[in-house]
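One structure is given below, encoded as structure tokens.
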Amino acid sequence: MGDKQDNHYGEKLKSAPPASEQTLQQWTTDVFEHNRFGIVLNSLEKYSLKFAEKVAKGSESLLELTGMPMGGLAFLCFVGNYDYTPFGVHKEILGEEGFLFHMGPHDKTFYTWETSKFYALSKGQDVFPVTEEVLGAADHVFKLKPGDVLCIPSEKFHVGQTPEFSISMVMDFINPSVKKFSRQMAQQIAGKEAGSITMERHIDRIIKPSKLQAANPVTELCEQIDLCTELNEVIQERYHKLRSNHGYHTPTIQRGEMSLLSSEKLALTQPYKLQFEMDQTGDTFCFYARGHKITVINHPKLPAWLLQANQGTEFNQQSIAEYFLPEWELQQVMVLCMG
Numbered sequence: 001m002g003d004k005q006d007n008h009y010g011e012k013l014k015s016a017p018p019a020s021e022q023t024l025q026q027w028t029t030d031v032f033e034h035n036r037f038g039i040v041l042n043s044l045e046k047y048s049l050k051f052a053e054k055v056a057k058g059s060e061s062l063l064e065l066t067g068m069p070m071g072g073l074a075f076l077c078f079v080g081n082y083d084y085t086p087f088g089v090h091k092e093i094l095g096e097e098g099f100l101f102h103m104g105p106h107d108k109t110f111y112t113w114e115t116s117k118f119y120a121l122s123k124g125q126d127v128f129p130v131t132e133e134v135l136g137a138a139d140h141v142f143k144l145k146p147g148d149v150l151c152i153p154s155e156k157f158h159v160g161q162t163p164e165f166s167i168s169m170v171m172d173f174i175n176p177s178v179k180k181f182s183r184q185m186a187q188q189i190a191g192k193e194a195g196s197i198t199m200e201r202h203i204d205r206i207i208k209p210s211k212l213q214a215a216n217p218v219t220e221l222c223e224q225i226d227l228c229t230e231l232n233e234v235i236q237e238r239y240h241k242l243r244s245n246h247g248y249h250t251p252t253i254q255r256g257e258m259s260l261l262s263s264e265k266l267a268l269t270q271p272y273k274l275q276f277e278m279d280q281t282g283d284t285f286c287f288y289a290r291g292h293k294i295t296v297i298n299h300p301k302l303p304a305w306l307l308q309a310n311q312g313t314e315f316n317q318q319s320i321a322e323y324f325l326p327e328w329e330l331q332q333v334m335v336l337c338m339g
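Going by this note's numbering, the sequence shown opens with residue 1, and the numbers climb by one from there.
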């Protein structure tokens, strides 16, 4: 609100939602009157299945071209007439490449600076107030009309100006740094053992102490440890979760309990696809659906069924039961249906 953050308006917005005949601009005028304001909505993909599906279809060709970013995709929305971005000239975290979709109804101006030039202006600060001197030294000034799209590389400092009511959406294409990603994967490996105090019934190898007089005792210890297998497993899990959820890092939030009628038809929503490895020969079989890992008892006909589902085939509870019984009990069929 103005140039300060005011969390009290959150309750006011929730208690007085827009009427069906109101435009968003009319509603915000009722709430904020004639004050300058800005609303930022984070992680839009988590809260609306309809929104997530629509932008998944829209971004499908991009992912086919670029591949899957291992930090996923995230969507933000900016609403208001807040003039310059309240927190000043800034840049995103390394690897977070932004695509800004300006929806209007009014124009927006965007300023960008090369990193070295901006640091000379800001005396090394990563965030800097908007001044006439800084704006005058911008490398590029983009005048955005409704419907325009602007790519914001993570190495560019930038600030937006929205003097009149407008809406913009940003798609963050998140490529984590090698260091950050490695630490995330290490934390995931460690998390598998968190809280576990079960006795290991089978130990095929133990770590042997390195000799104190060894030339390099640490090297001797490292040579006994194979982290590649576990690391491959957690990276594979991260990739399949993202791929099954079209790049959304967190599963969409569900509201209320789900139930399934025996006659109700099931089909995958396009462009989402189930992700799995074909050659799983153990007692259990893992596949991924909308960011969730699902583990069921292995069944010889399961891979073929998953492929049919990815092709858009419709099923219901009865047809699934007929396909997997008697090898599976009905409980396993229900796990598959609800998964």
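Just so you know, even glycine gets a beta-carbon here, dropped at the ideal spot from N, CA and C. Keep in mind it's a predicted model, so treat the numbers as computed, not measured.
For Ala289, the enclosing beta strand (DSSP E) has its first and last residue at Thr284 to Ala289.
CA-to-CA, the gap between Val130 and His158 works out to about 10 Å. Beta-bridge pairing by DSSP links Trp328 to no other residue. Counting C-beta pairs with one atom in each stretch, the region 267-275 and the region 54-66 have three or more that are closer than 8 Å, which means they touch. Annotation: the continuous alpha helix (DSSP H) that includes Gln236 extends over Cys228 to Ser244. Separation of Asn245 and Tyr84 (C-alpha to C-alpha, rounded to the nearest whole angstrom) is 34 Å. Per DSSP, the beta bridge partners of Ala74 are Asp172.
Under the three-state reduction of DSSP, Met185 is assigned to helix. With respect to Lys143, Thr109 sits close: the two C-beta atoms are nearer than 8 Å.
Residue range Glu96 to Pro105 is occupied by the beta strand (DSSP E) that includes His102. Of the residues assessed, Asp226 falls on the exposed side of the cut-off, its CB having fewer than 16 other CB atoms within 10 angstroms. Taking C-alpha positions only, Leu221 is separated from Ile206 by approximately 11 Å. In the three-state reduction of the DSSP assignment, Gln161 falls in the strand class, which pools E and B. Looking from the CA of Gln184, the closest CA among Glu237, Asp148 and Ile167 belongs to Glu237. Of the residues Gly104, Lys211, Leu325 and Met103, the one whose Cα lies closest to the Cα of Ile297 is Leu325. Boundaries of the beta strand (DSSP E) harbouring His292: His292 to Ile297, taken from the DSSP string. Each residue's CA atom was taken as its position, placing Thr66 and Thr313 some 28 Å apart.
Boundaries of the alpha helix (DSSP H) harbouring Lys14: His8 to Ser15, taken from the DSSP string. Note that the C-beta distance between Ser154 and Glu233 is not below 8 Å. Under the DSSP assignment, Gly312 falls outside any alpha helix (DSSP H); it carries neither an H nor an E label. When beta bridges are read from the DSSP output, Trp27 appears opposite no residue. For Cys151, the beta-bridge partners assigned by DSSP are Phe99.
Shown here, Tyr248 sits in a strand according to DSSP, grouped into three states.
By the 16-neighbour rule on beta-carbons within 10 angstroms, His240 is buried.
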